[in-house]
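Each position in the sequence shown, counted from 1, maps to that position plus 8 in the numbering used here.
Cβ atoms here follow ideal geometry from the backbone N, Cα and C, with glycine treated the same way.
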Amino acid sequence: MAKFILEWFDDKDYVALTTSGTTGTPKIIHLKKEAMVNSALATEVFFDLKENCKALHCLPTQYIAGKMMLVRALVLGWDLDFVKPDTHPLDGNKETYDFAAMVPLQVEKSLEQLHRVKTIIIGGAKLNPTLVNKLKIIPSDLYETYGMTETITHVAAKKIQDNAFSVLPDIRISTDKRNCLIIAAPRLSEDKIITNDVVEIIDGNKFIWLGRFDNVINSGGVKLFPERIEEKLSGKIPQRFFVIGKPDSSLGEKLILVVEGEPYAIGNSIFEGLDKYEKPKEVVFVSKFSETETGKIKRAESMQ
Numbered sequence: 009m010a011k012f013i014l015e016w017f018d019d020k021d022y023v024a025l026t027t028s029g030t031t032g033t034p035k036i037i038h039l040k041k042e043a044m045v046n047s048a049l050a051t052e053v054f055f056d057l058k059e060n061c062k063a064l065h066c067l068p069t070q071y072i073a074g075k076m077m078l079v080r081a082l083v084l085g086w087d088l089d090f091v092k093p094d095t096h097p098l099d100g101n102k103e104t105y106d107f108a109a110m111v112p113l114q115v116e117k118s119l120e121q122l123h124r125v126k127t128i129i130i131g132g133a134k135l136n137p138t139l140v141n142k143l144k145i146i147p148s149d150l151y152e153t154y155g156m157t158e159t160i161t162h163v164a165a166k167k168i169q170d171n172a173f174s175v176l177p178d179i180r181i182s183t184d185k186r187n188c189l190i191i192a193a194p195r196l197s198e199d200k201i202i203t204n205d206v207v208e209i210i211d212g213n214k215f216i217w218l219g220r221f222d223n224v225i226n227s228g229g230v231k232l233f234p235e236r237i238e239e240k241l242s243g244k245i246p247q248r249f250f251v252i253g254k255p256d257s258s259l260g261e262k263l264i265l266v267v268e269g270e271p272y273a274i275g276n277s278i279f280e281g282l283d284k285y286e287k288p289k290e291v292v293f294v295s296k297f298s299e300t301e302t303g304k305i306k307r308a309e310s311m312q
């Protein structure tokens, strides 16, 4: 944190960050400090956060989400409490807060304490349906966010009760020929950001996220979105898992289920509720998944 504060006030007009490496090799990018200020201002407007907002900082400062909590506090005049970024950020703390940013695991481990935070944004990984159902009874305003290092954290958010993401101020969205999201955010980036996220645009300001283009499985001419299938299987398999395509002479790709841990018998009842094309043709067990530094599963490396 101290290193970043010194970097923020140095003579450079940018901050150097490393991307997460979820879908490729991590790389160092430069983000303009002016763009980071603009991101903070957009967050203020979208979530209606005022000066003297009391906020909780519980994320690692070496990553963009943790850096932006500090930038928001500096730019917007927040009263910021910093706690160790672990899985139980509200333990040993009786304070109430106006705002906090957390990852899904922190939220899951803090269910009985979340009511002490008025507005919580959740990012870093996709929320599973089982957790979403638990969060719906929490009286706080809970948002799932969409963003990446290149967009300086979130450029869109949706309340967990909703299906579609709404973009923040001054963000324009469109799609390419793959139906992947294109983000035009002139106050954040000089260039349009072309993503690998397949979406359905509802209107100029809202979109439904369908999955990653690089994860789409073409099985016998039918396009399958692994993330949608994984949502349907959520809560039915106790271990971490994902579905992926495997080369097949008849189908081109066949859908397989990959489960972390030692092999055991998986009953067909688990696959009830899936369409016939969504039912895995094979189950594979991997002792330990490959993952990024932030805990995101690397699917291709795990299969290798």
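Per the coordinates, the alpha-carbon of Leu241 lies some 10 Å from the alpha-carbon of Asn136.
Just so you know, the alpha carbons of Ile210 and Tyr151 end up roughly 19 Å apart. Judged by DSSP in its simplified three-state form, Ile278 adopts helix. For secondary structure counted as the beta strand (DSSP E) over 3 or more consecutive residues, the segment 81-162 holds these complete runs in sequence order: 87-90, 105-110, 125-130, 149-156. Val45: member of the alpha helix (DSSP H) spanning 41-55, first to last residue. Pairing Ala73 with Gly132 gives a Cβ-Cβ distance under 8 Å. Per DSSP, Pro234 lies in no beta strand (DSSP E) segment; the continuous alpha helix (DSSP H) that holds it begins and ends at 234-241. Comparing C-alpha distances from Gly155 to each of Pro147, Ser148, Ala164 shows the shortest one belongs to Ala164.
Assignment of Tyr22 by DSSP, reduced to helix, strand and coil, places it in the strand class. Taking the CA atoms as reference points, Lys304 sits about 12 Å from Phe249. Straight through space, the alpha carbons of Ala63 and Ile237 are spaced by roughly 36 Å. Per DSSP, reduced to three states, the secondary structure at Gly74 is helical. Collapsing the DSSP output to three states places Ala172 in coil. CA-to-CA, the gap between Asn276 and Cys66 works out to about 41 Å. By the 16-neighbour rule on beta-carbons within 10 angstroms, Ile145 is exposed.
The DSSP-derived three-state label of Asn226 is strand. Arg307 and Ile274 have their C-alpha atoms spaced approximately 21 Å apart. One Cα belongs to Asp149, the other to Lys126, and the distance between them is close to 6 Å. For Ile179, the CB contacts under 6 Å within the same chain, skipping 5 residues up- and downstream, are Val163, Ala193 in chain order. Three or more Cβ pairs drawn from the segment 223-237 and the segment 245-259 lie within less than 8 Å of each other, which places the two stretches in contact. Under the three-state reduction of DSSP, Leu14 is assigned to helix. Comparing C-alpha distances from Asp205 to each of Phe221, Phe279, Phe17 shows the shortest one belongs to Phe221. Here Arg180 is bridged, per DSSP, to Ala192. Beta bridge pairing from DSSP links Glu301 with no other residue. Under the three-state reduction of DSSP output, Arg186 falls in the coil class, being neither helix nor strand.
Glu286: not part of any alpha helix (DSSP H); DSSP gives it neither H nor E.
Beta-bridge analysis with DSSP links Arg220 to Asp205. Less than 8 Å divides the Cβ of Ser47 from the Cβ of Ile160.
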